[in-house]
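Down below is the structure, laid out as C-alpha cells.
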Ligand SMILES: Cc1ncc(COP(=O)(O)O)c(C=O)c1O
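So this is what it looks like as C-alpha cells:
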C-alpha cells in the first residue's frame with residue numbers, strides 16, 4: 008500500500024511539473040509512471056477502456072479561446088469541473104487565464120493544494136462542514152473566492168470568517184436558469200450591499216451562468232436567447248455599479264456562448280469548460296461559421312475500447328459501457344465508422360449495432376470513440392493518457408476525480 012501511494016504521489020507531482028514545462032527533458036521522463044510501460048506506446052496498444060486526450064488538439068483549444076477573445080476585453084477563467092486535473096489547470100493559467108473556476112469545495116481544495124493560486128468557486132457552501140473547509144482554505148490561500156446567493160448564507164459565511172480570523176472573498180451568484188443564484192434586481196443588490204457591509208467578507212463582484220442556453224442549436228438562435236436571458240443580469244450589474252459597489256468580477260458564459268459575452272458592458276471573463284475536449288453534445292450545436300457542426304474547438308478527448316464479442320451479425324460488443332462512457336446522449340461515436348450506433352446502456356458492456364462497416368472486426372480489435380459529454384466521463388477515470396501523434400506522452404492524474412462534495 009505504502010509503495011503504491013508513493014508511486015501515485017510521484018506520478019501526480021511529476022505530471023503537474025511536467026505539464027508546467029518546469030522539468031528538464033531528463034526530469035520530465037521521471038514525471039511518468041515508470042512502473043508501467045505505457046509511455047511511448049501507441050494509443051491502440053493501451054489496455055481499455057482508456058481515456059485519452061490528444062495534447063496538440065487540447066493545446067489548440069486552449070489557445071483558440073484566447074485568440075478568439077483577443078481585443079474584446081473579455082478574459083478567460085476556465086471551469087475545471089470539466090477536466091479536474093491541476094496539470095491541465097496549470098496549462099490554462101500559462102496560456103493567460105485570469106484564474107480558474109471550480110464547482111465544489113473539494114475541487115477547490117485539490118486545485119489550491121496543487122499549485123493553482125486563483126480559484127473562484129461557482130457553487131455555494133451551505134453546510135457547516137463545507138463553510139468550515141472554505142474558511143480554512145481561504146485562510147491558507149488568498150486567491151480563493153466563493154459564491155453566495157442568499158442572506159442567511161452570507162451571515163453564516165460572515166460568522167465563520169470572523170471565527171477563522173479572516174476576511175473572505177465573495178461574489179454574488181445571480182439567478183439565470185432557476186437553479187442557483189439570488190434573483191436579479193433588488194434582491195441581488197440588497198445581498199451585494201449586505202455582503203459589502205460585513206466586516207469579515209469582501210465583495211468582489213458577480214457571477215451569472217446561463218446553463219440553459221449553452222447547447223441551443225444554431226448560432227443566431229443561441230445568441231438571441233443568450234442576450235435576452237442576460238438582460239436582467241446586466242440591469243443588476245448597472246444598479247450595483249451605480250450603488251458604488253466593487254464590480255471587479257462579472258463572470259459567466261460557457262463554451263456555447265463564449266464569443267457572445269463581450270456584448271455585455273462590464274463583463275470580465277468567460278467560464279469555459281468543455282471547450283478543452285468537446286464532446287458529442289457540443290459538436291451538434293453549430294457555430295457562427297458552421298451551422299452543422301460546432302467547430303470553434305476540436306474534439307480532443309476519446310476513449311479507446313476493445314471489441315470483446317462478435318457472435319451476432321450487425322452487432323459488436325465492447326468493454327466500455329455506462330461505467331466508461333455514461334448513458335448521456337447523443338451516444339458515443341466510433342471514429343471512422345459513421346454507420347455505427349453505440350449504446351452504453353449496460354454497466355460494463357457497450358453494444359454497437361450496424362448495417363455497414365468500413366472493415367470486418369474480430370475480438371480484441373480496438374475502436375476509438377468520441378464521448379457523449381465530457382465532464383461526467385472524466386469523473387469515471389483515475390488518469391487520462393496524454394497522446395501526441397498517436398503515442399502516449401504523459402499520464403495525467405485526474406486528482407479531483409470523484410470530488411463531488
Ligand atoms: C457555473 C458554470 N460555469 C461554467 C461552466 C462551463 O460550461 P461549458 O462546459 O459549457 O463551457 C459550467 C458547466 O456546467 C457551470 O456550471
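Numbering (the working numbering), first residue to last: 8 to 412.
Ideal Cβ placement from N, Cα and C applies to all residues, glycine included.
Burial state of residue 120, where buried means 16 or more other Cβ atoms lie within 10 Å: One-based indexing of the chain shown puts residue 120 at position 113. Exposed.
Inter-residue Cα distance where the pair is residue 31 and residue 318: For this step, residue 31 is matched to residue 24 along the chain shown. For this step, residue 318 is matched to residue 311 along the chain shown. Caution is warranted here: a pLDDT of 35 is assigned to residue 31, below 50, making its placement in the model unreliable, and the coordinate value is therefore given only provisionally. Using only the alpha carbons, I get a separation of about 50 Å.
Distance, residue 403 Cα to residue 39 Cα: Residue mapping note: residue 39 aligns to position 32 of the chain shown, counting from 1. Residue mapping note: residue 403 aligns to position 396 of the chain shown, counting from 1. In this prediction, residue 39 scores a pLDDT of 36, lower than 50, which makes its location untrustworthy; no coordinate-derived value is stated.
With 16 other Cβ atoms within 10 Å as the buried cut-off, status of residue 147: Translated into the one-based positions of the chain shown, residue 147 becomes position 140. Residue 147 is exposed by the Cβ-count criterion.
Sequence-distant residues of its chain with Cβ nearer than 6 Å to residue 399 (five each side left out): For the purposes of this step, residue 399 is taken as the residue at position 392 of the chain shown. Only 45, 46, 48, 392 meet the Cβ criterion.
Cutoff 7 Å; reference residue 302; Cβ partners in own chain excluding five residues on either side: One-based indexing of the chain shown puts residue 302 at position 295. The answer, listed in chain order, is 294.
Three-state secondary structure (DSSP) of residue 262: For the purposes of this step, residue 262 is taken as the residue at position 255 of the chain shown. In the structure shown, residue 262 sits in coil (DSSP, three-state: anything other than H, G, I, E or B).
Boundaries (first-last residue) of the alpha helix (DSSP H) holding residue 221: In the chain shown, residue 221 corresponds to position 214, counting from 1. First-last for residue 221: undefined, no H or E at that position.
Option in 208, 311, 257 with minimal Cα separation from residue 342: The residue labelled residue 342 in the question sits at position 335 within the chain shown. Looking at the Cα atoms, 311 is the closest of the given residues.
Boundaries (first-last residue) of the beta strand (DSSP E) holding residue 404: On the chain shown, residue 404 is found 397 positions in, with the first residue counted as 1. That run of the beta strand (DSSP E) goes 398-404.
Start and end residues, alpha helix (DSSP H) containing residue 381: Numbered from 1 along the chain shown, position 374 holds the residue referred to as residue 381. Looking at the DSSP string, the run of the alpha helix (DSSP H) that includes residue 381 is 381-385.
8 Å contact criterion, which residue 93 and residue 118 should meet: CB distance rounded: For this step, residue 93 is matched to residue 86 along the chain shown. For this step, residue 118 is matched to residue 111 along the chain shown. Going by Cβ atoms, the distance from residue 93 to residue 118 rounds to 6 Å, so yes, they are a contact pair.
Cα-Cα separation between residue 376 and residue 222, rounded to whole angstroms: Residue numbering aside, residue 376 sits at position 369 when the chain shown is read from its first letter. Residue numbering aside, residue 222 sits at position 215 when the chain shown is read from its first letter. Looking at the two C-alpha atoms, the distance is approximately 21 Å.
Any non-hydrogen atom of ligand 1 closer than 8 Å to residue 47 Cβ: On the chain shown, residue 47 is found 40 positions in, with the first residue counted as 1. Because no heavy atom of ligand 1 lies under 8 Å away, the Cβ of residue 47 does not count as near it: no.
Ranges of the beta strand (DSSP E) found wholly within the stretch 160-196, counting only runs of at least 3: 175-180
Cβ-Cβ distance between residue 263 and residue 216 below 9 Å: Mapped onto the chain shown, residue 263 falls at position 256. Mapped onto the chain shown, residue 216 falls at position 209. Contact: no.
Residue 95 - containing alpha helix (DSSP H), residue span: Mapped onto the chain shown, residue 95 falls at position 88. Looking at the DSSP string, the run of the alpha helix (DSSP H) that includes residue 95 is 93-101.
Cα-Cα separation, residue 227 to residue 270: Residue mapping note: residue 227 aligns to position 220 of the chain shown, counting from 1. Residue mapping note: residue 270 aligns to position 263 of the chain shown, counting from 1. Rounded to the nearest angstrom, the two C-alpha atoms are 14 Å apart.
Selected residue, minimal CA-CA separation from residue 130, among 253, 307, 181, 197: Looking up residue 130 in the chain shown gives position 123. The candidate whose alpha carbon is nearest that of residue 130 is 181.
Sufficient close CB pairs (3 or more, under 8 Å) joining the stretch 270-280 to the stretch 78-87: yes
Collapsed DSSP secondary structure at residue 422 in the structure displayed: As displayed, the chain neither begins before 8 nor continues past 412, which places residue 422 out of reach and without an answer.
Beta-carbon proximity of residue 213 to residue 233, cut-off 9 Å: As a working mapping, residue 213 is identified with position 206 in the chain shown. As a working mapping, residue 233 is identified with position 226 in the chain shown. Cβ distance not < 9 Å, so residue 213 and residue 233 don't count as in contact.
In DSSP terms, what residue 154 is bridged to: Start at 1 with the first residue of the chain shown, and residue 154 comes out as number 147. Per DSSP, 131, 178.
Residue 113 beta carbon near ligand 1 (any heavy atom closer than 8 Å): Looking up residue 113 in the chain shown gives position 106. Residue 113: no, Cβ never under 8 Å from ligand 1.
Where residue 205 sits in the DSSP three-state scheme: On the chain shown, position 198 is the one that residue 205 refers to. Residue 205 falls in the coil class under three-state DSSP.
Contiguous alpha helix (DSSP H) assignments of at least 4 residues, all confined to the stretch 230-306: 238-249, 287-290
For residue 185 and residue 237, the rounded distance between their alpha carbons: For the purposes of this step, residue 237 is identified with residue 230 of the chain shown, where counting begins at 1. For the purposes of this step, residue 185 is identified with residue 178 of the chain shown, where counting begins at 1. Distance between the alpha carbons of residue 237 and residue 185 is about 13 Å.
Close-in-space but distant-in-sequence residues of the same chain around residue 141 (CB under 6 Å, 5 per side omitted): By one-based count along the chain shown, residue 141 stands at place 134. For residue 141, where only same-chain residues beyond five positions count, the Cβ hits under 6 Å are 112, 132, 153.
Residue 226 (DSSP reduced to helix, strand or coil): For the purposes of this step, residue 226 is identified with residue 219 of the chain shown, where counting begins at 1. Correct three-state label for residue 226: helix.
Same chain, Cβ closer than 7 Å to residue 169, five either side skipped, listed in chain order: For the purposes of this step, residue 169 is taken as the residue at position 162 of the chain shown. Taken in chain order, the residues that qualify are 207.
Helix, strand or coil at residue 114 according to DSSP, with G and I counted as helix: Locating residue 114 in the chain shown gives position 107, where the first residue counts as 1. Looking at residue 114 - three-state DSSP - the assignment turns out to be helix.
Stretch pair the stretch 319-331 + the stretch 59-72: three plus CB contacts closer than 8 Å: no
Local Cβ density within 10 Å of residue 370, reported as buried at 16 or more and exposed below that: Along the chain shown, read from residue 1 onward, the residue named residue 370 stands at position 363. Flag for residue 370 reads exposed.
Residues of its chain near residue 290, where Cβ-Cβ distance is below 7 Å and the 5 sequence neighbours each way are ignored: Indexing the chain shown from 1 puts residue 290 at position 283. Excluding sequence neighbours, residue 290 sits near 300, 301, 306.
Whether residue 336 touches residue 292 by CB criterion (9 Å): To locate residue 336, count along the chain shown from 1; it is residue 329. To locate residue 292, count along the chain shown from 1; it is residue 285. Not in contact: residue 336 and residue 292 (Cβ atoms no closer than 9 Å).
Continuous alpha helix (DSSP H) assignments of at least 4 residues falling wholly in the stretch 325-363: 329-332
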